[in-house]
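Input: a single structure, listed below in structure tokens.
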Amino acid sequence: MKIFKYIAFSTITLLGIVSCENPLEEIVYSQLTPDTLLNSEKGITTVINSAYSYAHRSETSACWSAFFLGDFPSGAHWAKGGGIESQLTQLSNFTFDATHPRVKVLWPLYYKSIRDANIVLDNLNNKNFSSEFISSMTAEAKFIRGWSYSELFSLYGPIPIYTSIEDDPVQARATEDKTISQIESDLFEAISSLPDSAPLGKATKGAAMGILTKHYLNTKQWKKAADMANNVINSGNYVLQTKFTDVFAFDNEGNNEMVWALPKLAVSGNKVSWGMQALIFPKNYPLPYSNNAVFAARTYLFDEFIDSFEDGDGRLDAIITDWKDANGTSQAAYGSDLSLPNKFPFDPNSVGWEGGNDVPIVRFADILLSRAEALNELSGPTQESIDLINQVRARANANDFSLGGYNQESLRLAILEERKREFFYEGKLREDLLRHNMFISDAVARGKNAKSHHRIFPIPQTEIDANELLDQNPGY
Amino acid sequence: MKIKLINVRFLFEKRLAKTIMKTFIFLMCTMAFCFTPNNSFSQEKVIIEKNQLLTIDKVFKIIKKQTNFDFIYPRRLFKNSPKIALKKGEIIVSKLLEQCFSTNDFSFEFAEDNTILIVEKPAIKEVKEVQQIEISGIVTDNSGIPLPGANILEKGTTNGTQTDFDGNFSLMVSDENAILVVSFIGFTSKEITVGEETNFNIAISEDASQLDEVVVIGYGTVRKSDLTGSVSSLKADEINVGSNVSVDQMMQGRAAGVQISQSSSEPGGGMSVRIRGASSINASNEPLYVIDGLPIDNSSGISASGLGVSGFESSAKTAINLVPKNPLNSLNPNDIESIEILKDASATAIYGSRGANGVVLITTKKGDKDKITLNYSGYTGIQNISNKIDVLSTDEYINFINAISDELGETAPFDPAAIASIGKGTNWQNEIYRSAKITEQNISVSGGLGGSNIYASLNYFDQEGIVKNTGIKKYIGRINFNSQLSDKTALGFNINTSFIDDSNTFDGLSVNLEAGAIYGSLLMDPTEQIYNADGSFSVSPNLNINNPLGIIEGITTKSEANRTLANFFITHDILEGLQAKLNFGSDRQNQRRDVYNSTLTQRGAPAGGIADVTQFERSSYLGEFTLDYSKELNENHRINLLGGITYQKFNSKLLSANISGFPTDNVLTNALALGDTNNDNLFSLKEENTLLSYLARVNYTLLDKFLITGSIRADGSSRFGLNNKYGYFPSFAFGYKLTEEAFVPEVFSELKLRASWGQTGNQEIGNYASQLTFGSGGLVVFGNTVYGSTEPKRIPNSDLKWETTTQINLGLDFGLLNNRITGTIDYFKKNTTDLLFNLPLPSASGYSSILSNIGEVENSGIEFMVNSVNVSTPDFSWNTSLNLSSTRNNVLDLGSVDQIETGNVEFVGETSIVKVGSPIASYYGYEVDGIQQSGDVNPGFPNFVDQNGDGVINSDDRTIIGNPSPDFIYGINNSFQYKNFGLNFFIQGTEGGDLLNINLIESLYPANLRRNRLSDMALDRWTPSNTDAKWPSQSDSSSYPGGKVNTMVLQDASFLRLKNVTINYQVPVENSSIFSALSVYVTGQNLLTFTNYIGFDPEANSFGRSNIKIDYSSYPLASTILLGLTAKF
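Residue numbers (this note's numbering), protein chains in the order written: chain A, 302 to 777; chain B, 161 to 1289.
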């Protein structure tokens, strides 16, 4: 039949086009399949890099949020201007809720670092990998996971715990004890295999001990905190910088006061850079480098805080109390609660507002004060505590404390005050006040409508909506 | 432009008939000079193989094949002539020809070169007999329109005449027994015995087969009267194509149930098209476009600031602009022959997994004249902003800022000395807008010879934007070629190639220094000057906004896009009625976008200039084989069968590079290597996807009364999971021509019931969605070195498949009073299940969602369309067409979740919600029921409603506050014709939808005290002395409880727009030796808009084609006046 000849001819022609065996196979060109990626040490390394990237608070907005959540509800400073003003006002006034953009951003970030750490841990059982590689990857992945859980716990309280990528995506909240012990065990395991030193930003033994010290301190496990701080001190790897401003200076980045810091670089694209200065300095502030830029938002310190420093305290060098604008007009700052925190200098290599200031998390000064605080909680004022505090004060050219002047309660407050002066603008005040049960009472004293449930932040509403097993933190 | 009007076609055909006749006479005269008739009749014979019924064209083919004779005649001349019954055996050519011409108005002559000339039978033959009676009269069609050029012949003689241009005739006939045969092309002939009458009023009816205009459907055509599906058919030759800049704009407001919104009024800006509502939450809601049988990828290319490609955003520190350029820009509206919009499942199911959002079939012109005609059309015009947003003038601003500062207890910034130094300040909107030129030149050639015909066109289009430094230039060429190789085999090709060059703005969703000039012009302090004393652009010390002119001068963004659509096809008649068709197509796009953010801007300056180059290639190819079988079994049974296989492969490639830190701005993006290599970014991508499908359809007509259609497509897509590669999409439809029934009153000239059911799919989810893959993750710094990383891109779902839309449709087509009024009513209900839905996962799992087949969305609605000839007299006619449709959208199910908040805008938050029981992307926010008065807690504050009554205003008090989709949409077209003058005006509108204008939020919740405000808001604000104000006091709006998305800023986006007014004049060309037609026109577009909406355009959407609708510094609508000319040579 002629007709079949035509059909056959046409079909063959058409099938000629559809030549491959399985025309509907989806070939991946510009992404990687698990088979090709996870069977090589190099591939696993790129996945742990992603875990680090999130753990380093990869986006500008995450870096900012960690600071905002730590400092604005605790009344450390105030802000004005820019679209961000209303967000910060809500944090200061305790009117934030589970949809607040700054509350939302950190939750998925740390959990993504946990996801990638779990992918690494799940895929290390591979005969292609050397035992050294398996050991160091295990330690780094657990370090990252422990750090991320400790941050999440601090912000949101007890949380769902995922320890494998195979875990059911929908998980209930773990108990407080379970959360605390997960953080402890992850970091503890990491300490045993991590190296003493590594490029800044990578897990080290000291970094894990430093984070664990803070975890013990914030969960009021005083003995463990004091001991772990002592381990850091005894490691001999860390010292105080001689000058306070040197700690944050660009030419001194990666200095050995940084027990754990998040390294940043001024690279355009908003990926490994951030810019705190852009939210501090007014538009008419004379910017030191032509490649610097600032936003409309400004962040100010209260006069009362300036007054809390002794004259000559070197830490005042990191605060601008008066300045001249670009036209040379004097601008009073101190006197109107308009002093500008200048801890993080403008980056000479900034790309616009994007700078590369490293983000300090655990400084050696923090370890010293933490051990002092833990010892005081365990047994009241001792000479060791006073000496530890005085190491920090001496570096700032402040007068020594003496043991005779303090009982346990007054030393507790003195350490808190010292911590305020030492760690201002590092996002630490919230957890310090929480340890002293002063976070809410201080806020109420400032006239804010703070309630006890505000001790932790609400879990993002989208998370509550997506997880039927998860209840919101009480009060929200 | 207007929807197909039956009665307008009468007018048109009258003109067409005239034109054909004139052409013919012209041809005749020419030929009479060229050839000497050969009077010796050829005695050549041809062999007829069997008894058969053939068209005249086929008869000629037989003669041509068997003899040396050739024919010259217009191709469609015999379209309406009855078929010729041939008996098996030999027949002399001249006899055969006589038989051919016995039933029509033509005759033949043998010319030299063996050419047979087809000539019209002489209208007035030499009078051979003495005439006895003089009669006269008028010939009209059924609606009373006179028919010029109709033939009146005394039966059995050669005595006859033609009607004049007013339809009148007079004739001497032999006696009272004479019978008049009145005939006219396209009409049924009528015989009248003269009798005692001497004055006749003769009405003749249109030939029934003429009523059967052909409608293009998927993989074929169908007579309109046999159509069972819901199809809106727009014929370009009846609509005012000239002034439409894109193909989708041609459709806007013309078809019931089709909502086409101009997301951005920027030149070349994208459209959002929704056919019968939005049925998908996460996959695309845009229809499938099929151009001359080639389905094209209509997803957006590179947008002004980034891409429609997942995983990549350009980073030249310019705004996020989600409004894509219009992918149909590469078509020339003047090339369009018809647009068919397939709406119900009976029509769309043949497109299977791509049919759920409706299908738009675009058919381009063919060269179908027997001689070469040259057509020219062109216009030029001027565009102006149709309305600016009223912001505070310099004086108002000074007063307002001083007053607010007073209320806040701050020092008023403007003291008398400062005011004096400001002068009149700057009206920033006046600075960035301009009167902009627009012009189009179009030339086309159409014609054919022998069995081949060709249509070729060239188009040049140049539109400046009303925002300075924006605009588009298009160069489009097309060649359509068809050739009848033999009596069984034909081939053809269509090639369309375009080059588009455009410059964009950056306004979109970004804020502050990343935002564009339109944003800046609304918010910039009017007391600032444009330039500093040294001529550089001023920078406000108070505001974090770029100088709007600095942005316009300082950022260059150019795109060059090439796109070539081509298809080649061969048809072969295997048997009588059985035709095979092979169709190959290809669509190749190549686009490059260059963005340079210079040191004139506040983002570019510290970075030392930022350059961004993106190169994007996308192509698809198609291979298709179909078999079509048509058989008329007898008068009572007609059947058409279609079967086919089709394969289409799509691929895309992208390369993007970004670098900053240039020594100078001069090189723009032309020397990336000059930038600082510490600050560069690279990105590349390659993707493919494939469709392999099998299709079949049957159309069966019983007794010319019952119509049955069934179709099925089996669609395989590479995008779906291993377990679900193939989907099956069936449809059934039933039509019932009630006019054939006796019980239907005479008044109905046409009445047809239609009912259909069918399933279609949607696979527009991007590639690789079913697989686990790892892609590039974030960067990480160790020490001072930056490293890359990889991260998983999704949770895999190997069960992933298409969405399925099940649609029922009930329709009624009617014609009244001899089709003087025609119309269509349709009811539909579409249920989309197995939604391709990003089911939210706890982000604690590391993934925010998993793409799943979950949930259900329902759309139901009514569409109504009517055409009416209101007045029809020889000198004056008035036609109206109206369409109106209403679609209800409702989310029925979202699987394990009840709602998803969406539509995030920076510093505003989520604006919309997808919630069970509500329309997709309903506005979600706070209700405000008034302003607090003196004595209340916070006088001047808005009063937020405590929805849950817990005494606190927080996010739990949010509720659905509005719906972005209108209650109904409509279009009304009126056309008037008075002698040679025509007037056409087109009104389009929507009623009942809301639109969230972020510019209102910017004004109510300023990021900075010193930003400018909307006048309406600032001047009618609450103060102790203006207590019934429309707006709150705004002195401390950052302390307002609740949120920024609230009923104060949500607006009713209903509008009625006078979209198009055209006045044209047909220049009489009867005596011209140059023109065969010439017309001049003036068109006004967007001249009037009636709306309460505060903003540039209630149709705008800064989210582009998304279901989520917001307006944020949208490109303003332009009012346009065009002066145009069309000529035919």
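Built from N, CA and C at the ideal position, the CB exists for glycine as well.
Nearest in C-alpha terms to residue 553(B), of all of 590(B), 938(B), 1046(B) and 612(B), is 590(B).
When the Cα atoms are used, residue 1157(B) and residue 1259(B) turn out to be separated by approximately 11 Å. Excluding five sequence positions before and after residue 984(B), the CB atoms of its chain that fall closer than 6 Å to its own CB belong to 973 and 1025, given in chain order. For residue 924(B), no Cβ of chain A is located within less than 8 Å of the residue's own Cβ.
Separation of the CB atoms of residue 407(B) and residue 393(B) is rounded to 15 Å, and the pair is thereby denied contact status at 8 Å.
Chain-ordered, the chain A residues with CB closer than 7 Å to the CB of residue 1115(B) read 398, 399, 400 and 762. If the five residues before and after residue 718(A) are omitted, its C-beta is found closer than 7 Å to the C-beta atoms of 609, all from its own chain and listed in chain order. Put simply, of 968(B), 903(B), 879(B) and 911(B) the residue whose alpha carbon is nearest the alpha carbon of residue 924(B) is 879(B). The Cβ of residue 768(A) sits closer than 8 Å to at least one Cβ of chain B. Taken atom to atom, the span from the alpha-carbon of residue 1051(B) to that of residue 963(B) is near 14 Å. Residues 398, 399, 404, 773, 774 and 777 of the same chain have their beta carbon placed closer than 7 Å to that of residue 759(A), with the five preceding and five following residues left out of the count. Taking each of 566(A), 497(A), 524(A) and 592(A) in turn and checking the Cα distance to residue 557(A), the smallest one comes out for 497(A).
When secondary structure is reduced to three states using DSSP, residue 954(B) falls in the coil class, being assigned neither helix nor strand. For residue 831(B), the closest Cβ of chain A is not nearer than 8 Å. Approximately 15 Å separates the beta-carbon atoms of residue 862(B) and residue 915(B); this is outside 8 Å, ruling out the contact. Residue 338(A) and residue 656(A) have their alpha carbons spaced roughly 33 Å apart. Cβ-Cβ separation between residue 448(B) and residue 538(B): approximately 32 Å, too far for a contact (criterion under 8 Å). Closest in alpha carbon position to residue 504(A), among 437(A), 531(A), 694(A) and 590(A), is 437(A).
Per DSSP, residue 661(B) is one residue of the beta strand (DSSP E) stretching across 649-663. When CB distances to chain A are screened at a threshold of 8 Å, the residues of the stretch 936-965 of chain B falling below it are 937, 938, 939, 940, 941, 942, 943, 944, 945, 946, 947, 948, 949, 950, 951, 952, 953 and 955, in chain order.
For residue 701(B), the chain A residues whose C-beta falls within less than 7 Å of its own C-beta are 584 and 585, listed in chain order. For residue 932(B), the chain A residues whose C-beta falls within less than 7 Å of its own C-beta are 335, listed in chain order.
Going by C-alpha positions, residue 473(A) is about 22 Å away from residue 422(A). Only residues of its own chain outside the window of five on either side were considered, and among them 336 have a CB closer than 7 Å to the CB of residue 356(B), listed in chain order. Fewer than three beta-carbon pairs drawn from the stretch 833-848 of chain B and the stretch 791-799 of chain B are found closer than 8 Å, and the two stretches are therefore not classed as touching. In the structure shown, the three-state DSSP call for residue 1182(B) is coil.
Around residue 353(B), the same chain offers 339 as residues with beta carbons nearer than 6 Å, after the five sequence neighbours per side are excluded. For the pair residue 763(A) and residue 1061(B), the CB atoms are nearer than the 8 Å cut-off. Residues of the stretch 885-916 of chain B with a C-beta atom less than 7 Å from some C-beta of chain A are 885, listed in chain order. For the pair residue 506(A) and residue 443(A), the Cα-to-Cα distance works out to about 12 Å. Here residue 1210(B) is bridged, per DSSP, to 1156(B).
Cβ-Cβ distances below 6 Å link residue 1135(B) to 1039 and 1144 in the same chain, with the five nearest sequence neighbours on each side left out; the list follows chain order.
For residue 1073(B), the enclosing beta strand (DSSP E) begins and ends at 1069-1075. Contact between the stretch 741-758 of chain B and the stretch 774-783 of chain B is present: three or more C-beta pairs spanning the two stretches fall below 8 Å. Under the criterion of beta carbons closer than 8 Å, residue 1197(B) and residue 1164(B) qualify as touching, at roughly 6 Å. In the same chain as residue 683(A), and ignoring 5 residues on each side of it, the C-beta atoms closer than 7 Å to its own belong to 676, in chain order.
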